[in-house]
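Protein chains: 2
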Amino acid sequence: MSEPAIAVLPCLCANLRRASRALTHLYDKSLRPLGLQATQFTVLQALSLTGEIPQKGLGRILSMDSTTLTRTLEILLRNGWIAIRRGRDRRERLLRLSWAGEAQLKRAVPRWEKVQARLRRKFGMDGWDNLLKLTNEVTKVATE
Amino acid sequence: MSEPAIAVLPCLCANLRRASRALTHLYDKSLRPLGLQATQFTVLQALSLTGEIPQKGLGRILSMDSTTLTRTLEILLRNGWIAIRRGRDRRERLLRLSWAGEAQLKRAVPRWEKVQARLRRKFGMDGWDNLLKLTNEVTKVATE
DNA sequence: CCCTTAAACATGTATATACATCTATCTAGG
DNA sequence: CCTAGATAGATGTATATACATGTTTAAGGG
Chain W
146 MSEPAIAVLP CLCANLRRAS RALTHLYDKS LRPLGLQATQ FTVLQALSLT GEIPQKGLGR
206 ILSMDSTTLT RTLEILLRNG WIAIRRGRDR RERLLRLSWA GEAQLKRAVP RWEKVQARLR
266 RKFGMDGWDN LLKLTNEVTK VATE
Chain A
146 MSEPAIAVLP CLCANLRRAS RALTHLYDKS LRPLGLQATQ FTVLQALSLT GEIPQKGLGR
206 ILSMDSTTLT RTLEILLRNG WIAIRRGRDR RERLLRLSWA GEAQLKRAVP RWEKVQARLR
266 RKFGMDGWDN LLKLTNEVTK VATE
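Sequences listed follow chains W and A, in order. According to my numbering, the first sequence is numbered sequentially starting from 146. According to my numbering, the second sequence is numbered sequentially starting from 146.
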């Protein structure tokens, strides 16, 4: 009986990581039929928003180490969802969605929307906005 | 110049994961001299709070898959920070802090406190409480 | 033009994370 | 007691994540 309800942990990091795990589970489940993980979806969506962008730049937007991105991009490339070319600065790799990547993203968006809508309903508009604002604030503060 | 400021991403999951990465970076940096990662610290602290507990139970508290925990516990065990014994139910593993684990936690707490205090200052009491409350809410909602 | 320094990315390694599958054990019926 | 189903963990595999280090290219100073 009385399973110990989820309680606030004293550590902000632990709380956030836990929420991140739980939330990722939802998104992953929804995207699984497409063979997409949440992180991969995020990269595709980000590329769709930015257009062609160097790896470093994408890393900054996602607060993700560029070498971490290398591994994820490898998967996206293997699936044909992105295209990469050298920039004028030959050290840079310029990333963009491929045609197949746009198609995959288009397939994924409705599922993603459903999860988003369900959560927005659960939190209410205010809670939702607050959540986006606060987590964004965390990123800013932690990035300084 | 004008580095594109961190902007809110349309995806809650992406936002939360990004905040999680950024925040973890802070905690990791602070704990690195002790050879502790944020996740490992979280487990030690949780065990300190719960006392002896089966792996499954700890997984529930942390919203972490029990098999994921197996890998982290392996590291903690290798370092001598936890002790494990079979429960009356022979399938269960009962986890607890070892003496060395309590010592390690004791060394880590002041560093952890410093990061927590700095963040609490940046967010203000209200922002801080709100953050804990909302992320906890996310875990609950996503766990249902 | 050469050299030093720095930046962008690749690679090796370790940890974090979860799922599918397997084994051992428990529980409930019969 | 025996068996069928369920549960706790272990293990194999794949991805997510970052750091240390190495390579290539760029940028600046002599």
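Note that beta-carbon positions come from the ideal geometry of N, C-alpha and C, so glycine has one too.
Check: Anything in chain W within Cβ reach of residue 254 of chain A, meaning under 9 angstroms, just list it in chain order.; Outcome: The premise fails here: residue 254 of chain A is roughly 10 angstroms from chain W at the closest Cβ pair, so nothing lies under 9 angstroms.
Check: Please confirm whether residue 184 of chain A has its beta-carbon closer than 9 angstroms to some beta-carbon of chain W.; Outcome: yes
Check: Determine the DSSP secondary structure at residue 152 of chain A, reduced to helix, strand or coil.; Outcome: coil
Check: If we count the other Cβ atoms within 10 Å of its Cβ and call it buried at 16 or more, is residue 183 of chain A buried or exposed?; Outcome: buried
Check: May I ask you to report which of helix, strand or coil DSSP gives residue 240 of chain W?; Outcome: strand
Check: From the beta carbon of residue 282 of chain A, is the nearest beta carbon of chain W less than 9 angstroms away?; Outcome: yes
Check: Whose C-alpha, out of A:168, A:287, A:160, A:201, is nearest the C-alpha of residue 238 of chain A?; Outcome: A:201
Check: Hey, quick one: how far does the beta strand (DSSP E) through residue 233 of chain A stretch, first residue to last?; Outcome: Per DSSP, residue 233 of chain A belongs to no beta strand (DSSP E) and is neither H nor E.
Check: Output the distance between the C-alpha atoms of residue 236 of chain A and residue 219 of chain A, rounded to the nearest integer angstrom.; Outcome: 17 angstroms
Check: For residue 246 of chain A, would you say it is in contact with chain W, using Cβ-to-Cβ distances shorter than 9 angstroms as the test?; Outcome: no
Check: Could you name the residues of the same chain whose beta carbon sits closer than 8 angstroms to that of residue 232 of chain A, not counting the 5 residues immediately before and after it, in chain order?; Outcome: 199, 238, 239
Check: If we ignore side chains and look at the alpha-carbon of each, how far apart do residue 178 of chain W and residue 289 of chain A end up?; Outcome: 21 angstroms
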